[in-house]
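Note sheet for the following structure.
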Amino acid sequence: ENVTRDLPLENYVLGVMRAEGSMESQPEALKALAIAARTYALKNLGRHAKDGYDFCSTTHCQRFSIGSPTADRASDRLVAAVRATEGQVLVDSGGRTIDSYFGASCGGETADVATLWGTAPATYLHGVRGEFCGSGPHAHWTDIITRTDLSRALQSDSRTDVGHRLDKVFVSKRDDTGRAEFITLEGEHRKIVRGWDFKIIVGRVLGWNLLKSSRFEVSRAGSNFVFRGSGFGHG
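Numbering-wise, the sequence shown is residues 2 to 236 according to the numbering used here.
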């Protein structure tokens, strides 16, 4: 809507819940999500300070929906979760507000932020098994991308631009959680790129419905590249 809104914290958390928790029905899961969303907000205040506000309403920050009278009547469980956890946040052993990333589906094991994004994260952001992500609509997926489309996407970014000929795409290093840590691209030139960056570059051009995560393997089928993966989002 291109509108900047000033909101009390708890109203903002409810707006995040409307967008991020609309498919969840279990009360305890919704309480956990409310606490994670509230923690993320307090930890990341000013994320868009250069733009004149704190947060956008997309997955770059946290998805947010202002709601409507009809939607509000249907979201009693969301309101209850926010009220039940009012003021509660996650803290580390030193009492500091944590980085409370949350995603749609980890695909069987949560991501290790150090290998996913190439940063030096806190110890609590190392990957662990996520047995509850082994089922559901994003547990397993297959995307087939033509060489023409994939080449067009890769040419859009200097990190992946191998020229007008694309010959090979393969996972050259996989991290302990099964994600593609590095992807090697071969064509007129040879490039090595982080798996997450590869996913983002392809999604930015071809659509976010492709390559739902960086937990995938790739093969060739004629002139097509076939990606088989699991999970949805950063995990």
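Ideal placement from N, C-alpha and C gives every residue a C-beta, glycine not left out.
In the structure shown, what three-state DSSP assignment does residue i receive?
i, result
"residue 39", "helix"
"residue 12", "helix"
"residue 152", "helix"
"residue 229", "strand"
"residue 114", "helix"
"residue 52", "helix"
"residue 75", "Legend: pLDDT at residue 75 = 47, less than 50; position of this residue unreliable, value from coordinates given subsequently. Of the three classes helix, strand and coil, the one that applies to residue 75 here is coil, per DSSP."
"residue 92", "strand"
"residue 130", "strand"
"residue 124", "helix"
"residue 24", "coil"
"residue 17", "helix"
Within its chain, find whatever has a CB closer than 8 Å to the CB of residue i; leave out the 5 residues flanking it on each side and keep chain order.
i, result
"residue 132", "109"
"residue 202", "154, 155, 157, 158, 160, 161, 194"
"residue 95", "none"
"residue 137", "106"
Would you say the beta carbon of residue i is closer than 8 Å to some non-hydrogen atom of the ligand ZN?
i, result
"residue 83", "By its list of ligands, the structure shown contains no ligand whatsoever, and the ligand ZN lies outside what it can speak to."
Would you check if the distance between the CB atom of residue i and the CB atom of residue j is smaller than 9 Å?
i, j, result
"residue 159", "residue 206", "no"
"residue 226", "residue 218", "no"
"residue 31", "residue 103", "no"
"residue 167", "residue 90", "no"
"residue 81", "residue 28", "yes"
"residue 146", "residue 123", "no"
"residue 5", "residue 234", "no"
"residue 130", "residue 224", "no"
"residue 236", "residue 62", "no"
"residue 1", "residue 176", "Past the edges of the chain, shown from 2 to 236, lies residue 1, and the structure says nothing about it."
"residue 251", "residue 83", "Because the chain in this structure spans residues 2 to 236, residue 251 falls outside the shown range and cannot be described."
"residue 199", "residue 181", "yes"
How many whole angstroms separate the CB atoms of residue i and residue j, which I take to be in contact at a CB cut-off of 8 Å?
i, j, result
"residue 178", "residue 112", "6 Å"
"residue 169", "residue 183", "14 Å between Cβ atoms; not a contact."
"residue 230", "residue 142", "6 Å"
"residue 196", "residue 215", "4 Å"
"residue 144", "residue 211", "5 Å"
"residue 232", "residue 139", "6 Å"
"residue 48", "residue 10", "With a Cβ gap of about 15 Å, residue 48 and residue 10 do not count as contacting."
"residue 46", "residue 52", "That pair is no contact at about 14 Å."
Apart from the five residues on each side of it in sequence, which residues of its chain come closer than 6 Å, Cβ to Cβ, to residue i?
i, result
"residue 65", "16, 17, 20, 58"
"residue 26", "none"
Please return the same chain residues whose Cβ sits closer than 7 Å to the Cβ of residue i, not counting the five positions on each side in sequence.
i, result
"residue 36", "86, 89, 90, 91"
"residue 188", "163, 164, 166, 167, 168"
"residue 150", "207"
"residue 79", "15, 18, 19, 22, 31"
Would you say residue i lies against chain B (beta-carbon separation less than 9 Å)?
i, result
"residue 150", "In the structure shown, chain B does not exist; there is a single protein chain."
Worksheet entry | Start-end ranges of the alpha helix (DSSP H) lying completely within the stretch 149–227, minimum 4 residues | 196–207
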